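Heads up: the sequence lines are chains A and B, in that order. Heads up: the first sequence begins at 49 in my numbering, then just goes up one per residue. Heads up: the second sequence begins at 6 in my numbering, then just goes up one per residue.
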Amino acid sequence: MKRMLIGILVLGIAGFFATGENLVSVSYYPAWINHWEDAGPLVAKYLGFYEEAGLDVSIFPGGPDLNPLTRMLNDANIAFATSYNWLVLVARIDQKVPLKVIATDFQDPALHLVSWEEITSPQDLYGKVVEVWPGYEYPLLCYLGKDHFYYPVYGTSPGPDKAIVQNQGGSMERFLAHQVTASHAMIYNELITVVHALGFDTLEEYWKAEEKPFYTYRFGDLDPGLAWDENSLVTTESTLRDHFDVVEAFVSATYRGWYWVLTHNPQEVFEILLTYNSSLEREHEIPGGLEINKLLVNENTREHGLGYIDASTWLPMADRLYQTGLISRMLTKEEVRAAYQWVPSGVFPPE
Amino acid sequence: MKKLERIAFPITLILLFGIWELWSRLGHIPVYRIPSPSAIFLQEGSEYLLLLEHLKVTAIEVLLGASVGIFLAILVGIIFYWVPFLKSAFYGIVRAINSIPIFAIAIILVIVFGVGILGKVVTACICIFFPVLSHTYNGLKSTDPVKLRFMRSINASRLQRLIYLEFPSALAEIFTSLETALTIAIVGVMFGEAIGGNAGLGFFILNRLYRMDNAAVLLATFIGAGLGFLLVAAVYLLKRKFLVWHPSMQRR
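1) Taking only the alpha-carbon atoms, compute the straight-line gap between residue 45 of chain B and residue 208 of chain A and give it to the nearest angstrom.
2) Compare the C-beta of residue 201 of chain B with all C-beta atoms of chain A and state if any pair is closer than 7 Å.
3) Pull up the DSSP beta-bridge partners for residue 152 of chain A, would you.
4) Using a Cβ-Cβ cut-off of less than 8 Å, list which residues of the region 207-231 of chain A approach chain B; keep chain order.
5) Alpha carbon to alpha carbon, how far is residue 398 of chain A from residue 133 of chain A?
6) Could you check whether the Cβ of residue 371 of chain A sits closer than 7 Å to any Cβ belonging to chain B?
7) Give a yes or no on whether the minimum CB-CB distance between residue 156 of chain B and chain A is below 7 Å.
8) Go through its chain and collect everything with a Cβ distance to residue 254 of chain A's Cβ below 6 Å, but skip five positions before and after it.
9) Among the candidates A:95, A:152, A:193 and A:126, whose CA atom is the shortest distance from the CA of residue 210 of chain A?
10) Name, please, each residue of chain B whose Cβ falls closer than 9 Å to the Cβ of residue 203 of chain A.
11) Give the residues of chain B in contact with residue 182 of chain A, contact being defined as C-beta atoms less than 8 Å apart.
12) Say whether the region 122-131 of chain A touches the region 73-81 of chain A, bearing in mind that this needs 3 or more beta-carbon pairs closer than 8 Å, one atom from each stretch.
13) Leaving out five residues on either side along the sequence, give the residues of the same chain with a beta carbon under 6 Å from the beta carbon of residue 294 of chain A.
14) Any idea if residue 101 of chain B is buried or exposed, counting beta-carbon neighbours within 10 angstroms, 16 or more meaning buried?
15) Quick one: complete alpha helix (DSSP H) runs, 4+ long, within the region 94-182 of chain A?
16) By DSSP, does residue 386 of chain A sit in helix, in strand, or in coil?
17) Give the single residue among A:328, A:334 and A:106 whose Cα lies nearest to the Cα of residue 93 of chain A.
18) Should residue 109 of chain A be flagged as near chain B, meaning a C-beta pair shorter than 7 Å?
19) Which residues does DSSP list as the beta-bridge partners of residue 75 of chain A?
20) Residue range of the beta strand (DSSP E) that residue 232 of chain A falls in?
21) Per DSSP, which one or two residues make a beta bridge with residue 266 of chain A?
22) State the start and end residues of the unbroken beta strand (DSSP E) segment that holds residue 227 of chain A.
23) Return yes when the Cβ of residue 165 of chain A is within less than 7 Å of the Cβ of residue 229 of chain A, no when it is not.
24) Using a C-beta cutoff of 7 Å, does residue 119 of chain B count as contacting chain A?
25) Counting Cβ pairs closer than 8 Å, one from the region 108-126 of chain B and one from the region 216-236 of chain A, do we hit at least three?
26) Please state the DSSP three-state secondary structure of residue 197 of chain A.
27) Residues of chain B with CB under 8 Å from residue 138 of chain A, in chain order?
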């Protein structure tokens, strides 16, 4: 009896450690909590695409205060994260962190600026309050220019020719109450919230309306040098160098997941997302998800495959970051190019 | 022996930091992982100035919240002591809230109050209020019954009893509770700043975390710890002044 119990215990412990069929252990750190923003990997794991590619992927959702890049670096396994190009560049240059962008999900930015007043130039925001999320403030600060923002963590002081930048704190309340002039809004989340709050049923209705109650801008519309991509897949230089096959497998399985998301009924996609995060709301997530789907497809991805890295956005980004004082020095073309290495997914958007 | 004792602590500190520095350099641990002490402390003056600004914000939030918290806690403690019915009615709630982990309280307060400093002041206030209330009440209740009977026998009024006996005897416990309460208050305030703030050490840390500037993060952490140390030292000095007669303050 005792021997049998010990035997069961040993088998149990062994089973706990076995990953089955020699799958490679991989960790993935989404940009935020589990939702449509990282639907590709979530679906790929759920439907077994990663297993088919020989990977055993563990997903560790993010959230407020959690930097996926830091968590990825502290992971002993082969790890990937979804983050932003500007954060990767700042980390690479200022802190010498050996990160590499290997693919980019969003070919167009999801980040928007909603404003009660029309913005045609940075001067329109001087003296006004703009709400941002920490970590995402780089395009706005670059738009305003080096000495034209008051944002306490950057050590500036208030002034008449400065915009007042403050933390949005994750709520559109102050914007909707007209207490601030402008605010960050993601097209798949806050923008929909605002649109609903102001009486529109759908985002399309808002776009088509002749009289819009508020203005919406992408930073690239305000200033072409700020048309930066978002949500890139990132890994470390050593992973890319020593485990390129795993990286390739991860990228292509991830975009197989995205392909599934792009070609299936949104309700089905939502059901899968719900298994990861039961707090998602259907009426909010699906319209947002449809917007996210649009961001993955453009002429570049149609030609080269999903996850294409558009090199032409990186140099202007490096220049503007330096001019605004957000990165410590001017970068050479080689330094900028060294920040990314496109790993083709081999998955093309649906027709 | 006395002289050696006095320099023992600084020497330990120097040794620990020295080992850390050596280990960083020899082990080639990259700065972004665990910065060496030199990377942390030898930063630009502008960074220190910036940290000073944010330290001011955090310190103000803690001190404001603590002042209100201490005042209210002692007041309510006395009320509970004088009116046992109120104590029975509300003490359960007090104990319950006292058990809520500080990060949960900070999150709730950020949701309720938003990103301004009010939420952080309230956080500090709550962190101080509940422990100090508990200890005020317990301290008052632990008044030496012999002395109590004496006071009653000479017809001291309730107020006289409080001022001359009960409150002084509770003071030691109140001071002790303050030390831990203040440390927790700093944690609560910094956490609140990190998850929804505009300024302060917590928010500074959050911003630098996104930039992967771990050296700055650790510097801010040390400065936060320094603030805690200063506050505890201030409490100790106050204790020395007000509790000269207490056994714990006597030199053995």
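In this text, a Cβ means the ideal position worked out from N, Cα and C, and glycines have one as well. Source: prediction; values computed, not measured.
So, to answer that:
1) 35 Å
2) yes
3) A:280
4) 214, 215, 216, 217, 218, 219, 221 and 222
5) 26 Å
6) no
7) no
8) 243 and 248
9) A:193
10) 51, 52, 54, 55 and 58
11) 208, 211, 212 and 215
12) yes
13) 72 and 126
14) exposed
15) 97-100, 116-121 and 133-142
16) coil
17) A:106
18) no
19) A:106 and A:127
20) 230-234
21) A:160
22) No beta strand (DSSP E) contains residue 227 of chain A, which DSSP labels as neither H nor E.
23) yes
24) yes
25) yes
26) strand
27) 216 and 217
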